[in-house]
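Chains S and H, in that order, are what the protein sequence lines are. At position 365 of the first sequence (counting the first as 1) the number is 365 in our numbering, and the numbers step up by one without a gap. At position 323 of the second sequence (counting the first as 1) the number is 1323 in our numbering, and the numbers step up by one without a gap. Working notes, structure below.
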Amino acid sequence: MKLVILLLTAVADGPFTFTEITESSGIAFRHDPGEEGKYLLPEITGSGAAFVDYDGDGDLDIYLVQSGADGNKLFRQDADGAFTDVTSEAGVGDTGYGMGVAVGDIDNDGDIDLYVTNDGPDVLYRNLGNGRFENATRELGIGGDAWSASATFCDQDADGFLDLYVTQYVTYDVQKACTHSDGSADYCSPQVFPGTPDKLYRNEGGRRFTDISGSSGIRGARAPGLGVLCADLNDDGKLDFYVANDGEANQLWLNEGGGRFFDEALLLGVALDPAGQPEAGMGITAGDVDADVDLDLFMTHIVNQTNTLYINDGELGYEDRTTASGLAASSLAMTGFGTGFFDFNHDGELDLAIANGRVQRLKTHPRASSSGYWRVYEEPNQLLLNEGDIRFGDVTGASGDFGAHVEVSRALVFGDIDEDGDLDLLVSNTAAPARLFRNDVPKEGGWLFVRAFDPELVRDAHGACVLVVADGKSYLRLASPGYGYLSSNDPRAHFGLPAGVTIQRIDVTWPDGSRESFPGGAANRVVLVEKGAGRPGPSDR
Amino acid sequence: MAKQSKKTKTKKPAPKSSKSSTSGGRGVLGLLAAVALAVAATFFFREPPEIPAPDTSAMEPQVGAKIAETRAGVERDIRSAAAWSKLGAVFQAHELFPEAAASYAQARALDAEDYRWPYLEAQCLKEMRELVSAREAVGQAIERNTRYAPLFVLQAELYEQEGVSEDALGAYERALAIDPSCAPAAYGVGRLRLAAGDVEASLKHLERAVALTPEAGAVHATLARVYRRLGDRETALRSAALARQLLPEVPLDDPVMASVGNEAVSVVGLQKRAVEAERRGGPTGAEALLRRMIALRPDEANLYYNLANNLSRQSRFEDAEVQYKEALARQPHHVSALINLGNVLSERGDLPEARQLFDRALSAEPGHAGALSSLGKLAVARGDMRTAIEYLEQAIEQDPDRADTHYILAQLLRGEGRGLEAVVVFKRALALSPERPDIRFDLAVTYAQQGDFRTAWSEIHLAEHFGGAPPPEFLAALRSQMPDPGIR
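Dropping the structure here:
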């Protein structure tokens, strides 16, 4: 176990510093949830953000979802690393009550499109390739009026076109007022409203989407969906969906082929907490925490429920290892939303970051930053260091600006904004500015970015699993932008690697289940692996 | 007469020895008195403990009033454990846990015997996420009473949260030793055994738990995992389906906590009391509480809906109809109220009005399985089987986990001469509810109609296994076709 020095009393620069660069980067965005004091549930739910290279120039741009009338914003990253608001010229400033965003190239034309979820009609922006988008929602037959939350693009039928899974939350009644047990007013629990079935759209060659929710079996479940992740979770070569539901059993929709899915969450042990009770599921991430070459799962929950670490036990299903990992104690007092596994110090182990913010009025946090209505909902985000042997230590106190802010945080987005080989963080906050944090953590080792690309489809292979074998050890990462909460991330697989390693080879399991192996080489670079260019064959998975 | 001479009287000095013994005794007594006075002064004149005074300005008025009244009881007798514990209960019932814990701590200090005060304090500390303190408090409660099973259940839960599985297991087993019918303890042992990899032991305890509380979804959920591990996927799927249909809670018989709940006067608190009252004593016990809630919030449609449902469960359908209409007057698109009122009218034979209500429900929430299912039953009532089948198939597509919907559809399909399809749907119903002998009898009839008498007998025997008694006429008819092959 590694020895970690924590600064527990005062948050200051420490060994795990993330430095805020919002202002210096030119990002000016403040989330507006609407009029205060009415306790309308949508106010406390959003909103999201994305890292997306919309202009294909090789660096990550930023899309921020707004709930107020000001509209969503697109910030283009310029050559000098500064960001410019290009919303108007791009035409992506939707003014709906924004929730989240999913990114993907829906028509395989080489540029990335955006799907914006709203409490109300969703919007699909098709990228025209010239810095501009058009609203193609109606033309593509997609989107509805329900309250959508997280969404993800994923080629579930392996036909080469990205399909779309949209979680839907509740059928909200704006007249409904809720109180605590002492009679004081606050936001309603989602259990007060009926859950809405999620949507699964099949992409018909990029020209149209067909709603296959019914035939797929997904519509049979009515639950308040908030988070979704697409990956091959049972290693059968087909992409599955894991859905976080708020206050009801989660779903693990295993892909049976032919557009049919079956919910195996209860059988595999990822539906409920150890006491068989449903939890308030929000954000989801997947990663190989125990380095046994399979994907483990992590989900964030509300105060008085711990976040949950599900360790993949192969045929036996998943085992809840939250308490043993040290993640229970650090999360019991928090309400977690956006999250992700990432190796922030390049030691080869997957660490965690969590965006926190309350959904009910509690005793004000001692470091709450604002003075008004939202003060009682503010709480700090968390940075958790993987100490080895599936144990995590809370190093928030030594995380610099990231741990210093105490706000109502929601989305947490991961990406290498400054192209220095590590993952930086973008946080969206309710009724507060979005914040960009540069990873300035001193690194123990090297790094590798692997971009899994399909040249025939002219796009990233969302949902590919990338295995790096270095000095006899295997590191498995998912190459997908769709994880967390209401957000979209850097689509490349990022690896932190021990210093001085030699990479023997890179194995890729493509979304259609085929496998290829690519040569290794040095660390500290971005590797482009193209489907069809590798040596076919089984990997260590 | 001669004058007396004045004489000067001189006090004789007392003997030294007698004077010192008297003064020493007085000195000791004086010292003792002084000490006693000091103690008494400390006791009676020390700063009285602070009575928690939360800000009640944002609370419902009746909650603030109850808190004020109960605080006054403590002010009247600051040394009364009963007064402090009552205050603690009022705070706890309204989820003011820090105030409740502080009040119970006072009661505990004043009454060294009663196990309830440290137990309730532990419950509050658990809610405050002070797990170590909670465990200490429940430990004190156990010292005072080793025969109250819920104490060990709480202790076990705290151990579990701290990751001390062995101790948690021990605590659950002690609870079971005290009360073998303690379902949460049986469930706790079952799931801890599963976590430890002892699947067989887990199964034994989980099956015990489900026998104690068949309505606890959480137990079925864990059983689903166990059956899957044992390779019995069919049973696993059945358990999973049951888990989805049922409420997850595993009820604990805990009169101490129940008494706390009775102190709740907020609308949310009354709702919880109503649910508990109905669970314990049936719907009549909850009616008064539901009416109190309406008096507090006369504009809230859902409260009338809940009362209407309660009255329906008491078979007071006319009264229920009134309350459903009150709900709909306040919220015209209340889908559940529309459907339930429609069902009431349908039972009364008022089919056209029932139909209107179901249609309104479908307009408000397209694809609502309950509305579709009700329309299907309505179609059956008017003899339109084809339409009924269409509605029920749609209802199943929206909500595939309802055995009754499958069952009704299967009967309709058989009636329409679609026996093979009916068999498939009967089997789906049985997959969801394998313990239903009525479904098995109907399936047996269907097999017999198709000439498969052997399988018909098999279903009859399975139905008998689940406690059903086959209709004698059907048995006689079946025997006339084929003697009982004795399949079990």
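Just so you know, even glycine gets a beta-carbon here, dropped at the ideal spot from N, CA and C. None of the values given here were measured: they were computed from a predicted structure.
Residue i and residue j closer than 8 Å at C-beta
{"i": "Tyr318(S)", "j": "Leu268(S)", "result": "yes"}
{"i": "Leu164(S)", "j": "Phe209(S)", "result": "yes"}
{"i": "Asp1384(H)", "j": "Leu1432(H)", "result": "no"}
{"i": "Leu114(S)", "j": "Tyr169(S)", "result": "no"}
{"i": "Arg1440(H)", "j": "Gly1468(H)", "result": "yes"}
{"i": "Ala49(S)", "j": "Ala434(S)", "result": "yes"}
{"i": "Glu1121(H)", "j": "Arg1108(H)", "result": "yes"}
{"i": "Asn386(S)", "j": "Glu349(S)", "result": "yes"}
{"i": "Gly96(S)", "j": "Gly120(S)", "result": "yes"}
{"i": "Gly1170(H)", "j": "Thr1222(H)", "result": "no"}
{"i": "Ala286(S)", "j": "Gly463(S)", "result": "no"}
{"i": "Leu362(S)", "j": "Arg451(S)", "result": "no"}
{"i": "Val228(S)", "j": "Ala151(S)", "result": "yes"}
{"i": "Ala1422(H)", "j": "Thr1446(H)", "result": "yes"}
{"i": "Asn524(S)", "j": "Trp447(S)", "result": "yes"}
{"i": "His31(S)", "j": "Gln66(S)", "result": "yes"}
{"i": "Glu1416(H)", "j": "Ile1389(H)", "result": "yes"}
{"i": "Asp53(S)", "j": "Ile112(S)", "result": "yes"}
{"i": "Leu1192(H)", "j": "Ser1165(H)", "result": "yes"}
Contact with chain S by residue i, beta-carbon distance below 8 Å
{"i": "Met1482(H)", "result": "no"}
{"i": "Gln1398(H)", "result": "yes"}
{"i": "Glu1060(H)", "result": "yes"}
{"i": "Gly1170(H)", "result": "no"}
{"i": "Val1275(H)", "result": "no"}
{"i": "Pro1049(H)", "result": "no"}
{"i": "Leu1120(H)", "result": "no"}
{"i": "His1465(H)", "result": "no"}
{"i": "Gly1261(H)", "result": "no"}
Residues of its chain near residue i, where Cβ-Cβ distance is below 8 Å and the 5 sequence neighbours each way are ignored
{"i": "Thr179(S)", "result": "Ala185 and Asp186"}
{"i": "Ser1020(H)", "result": "The predicted model places Ser1020(H) with a pLDDT of 44, which falls under 50 and marks its position as unreliable; any figure quoted below should be read in that light. Here the set comprises nothing."}
Residue nearest to residue i in terms of C-alpha spacing, selected from the options
{"i": "Asp416(S)", "options": "Ala493(S), Phe262(S) and Cys465(S)", "result": "Ala493(S)"}
{"i": "Ala1320(H)", "options": "His1334(H), Leu1345(H) and Val1335(H)", "result": "Leu1345(H)"}
{"i": "Asp294(S)", "options": "Leu528(S), Val101(S) and Ser474(S)", "result": "Ser474(S)"}
{"i": "Pro274(S)", "options": "Phe342(S), Gly247(S) and Thr308(S)", "result": "Thr308(S)"}
{"i": "Asp440(S)", "options": "Ala398(S), Arg515(S), Thr45(S) and Gly141(S)", "result": "Ala398(S)"}
{"i": "Lys1126(H)", "options": "Val469(S), Leu332(S), Val406(S) and Arg459(S)", "result": "Leu332(S)"}
{"i": "Gln1062(H)", "options": "Glu1143(H), Glu1136(H), Ala1102(H) and Met1293(H)", "result": "Met1293(H)"}
{"i": "Tyr1187(H)", "options": "Lys1204(H), Leu1230(H) and Val1380(H)", "result": "Lys1204(H)"}
{"i": "Ser487(S)", "options": "His405(S), Gly472(S) and Val427(S)", "result": "Val427(S)"}
{"i": "Leu1478(H)", "options": "Val1267(H), Ile1460(H) and Val1424(H)", "result": "Ile1460(H)"}
{"i": "Glu248(S)", "options": "Thr45(S), Asn234(S) and Ala223(S)", "result": "Ala223(S)"}
Chain H within 8 Å of residue i, Cβ atoms only
{"i": "Ser216(S)", "result": "no"}
{"i": "Gln382(S)", "result": "no"}
{"i": "Gly220(S)", "result": "yes"}
{"i": "Gln277(S)", "result": "yes"}
{"i": "His180(S)", "result": "yes"}
{"i": "Thr323(S)", "result": "yes"}
{"i": "Lys2(S)", "result": "At Lys2(S), the pLDDT of 39 sits below 50, so the modelled position is not reliable; the number obtained from the coordinates is stated separately. Chain H, which has no Cβ nearer than 8 Å to the Cβ of Lys2(S), makes this no."}
{"i": "Pro274(S)", "result": "yes"}
Own chain residues within Cβ distance below 7 Å of residue i, not counting five before or after
{"i": "Asp157(S)", "result": "Asp163, Arg202 and Gly259"}
{"i": "Lys1011(H)", "result": "Note that Lys1011(H) has pLDDT 39, beneath the 50 cutoff, so the model's placement of it is unreliable and no number is given."}
{"i": "Asn1306(H)", "result": "Leu1290"}
{"i": "Gln1323(H)", "result": "Tyr1304, Leu1307, Ala1308 and Leu1311"}
Cβ shell of residue i (< 6 Å), same chain only, five flanking positions each side left out
{"i": "Val526(S)", "result": "Phe449"}
{"i": "Phe262(S)", "result": "Leu254 and Glu256"}
{"i": "Leu591(S)", "result": "The structure shown does not extend to residue 591(S), since chain S is modelled only from 1 through 541, so no value can be given for it."}
Item checked: Uninterrupted beta strand (DSSP E) stretches inside the region 15-75 of chain S (no shorter than 3 residues) -> 18-20, 49-52 and 61-64
Next item on the list: Taking only beta carbons into account, state which residues of the region 1321-1345 of chain H come closer than 8 Å to chain C, listed in chain order.
Entry: Among the protein chains in the structure shown, which are S and H, there is no chain C.
Notebook entry, point to check: Which runs of the alpha helix (DSSP H) fall wholly inside the region 436-494 of chain S and span at least 4 residues, in chain order?
Noted result: none
Check: Whole alpha helix (DSSP H) runs in the region 312-395 of chain S with 4 or more residues, listed along the chain?
Finding: 322-325 and 327-331
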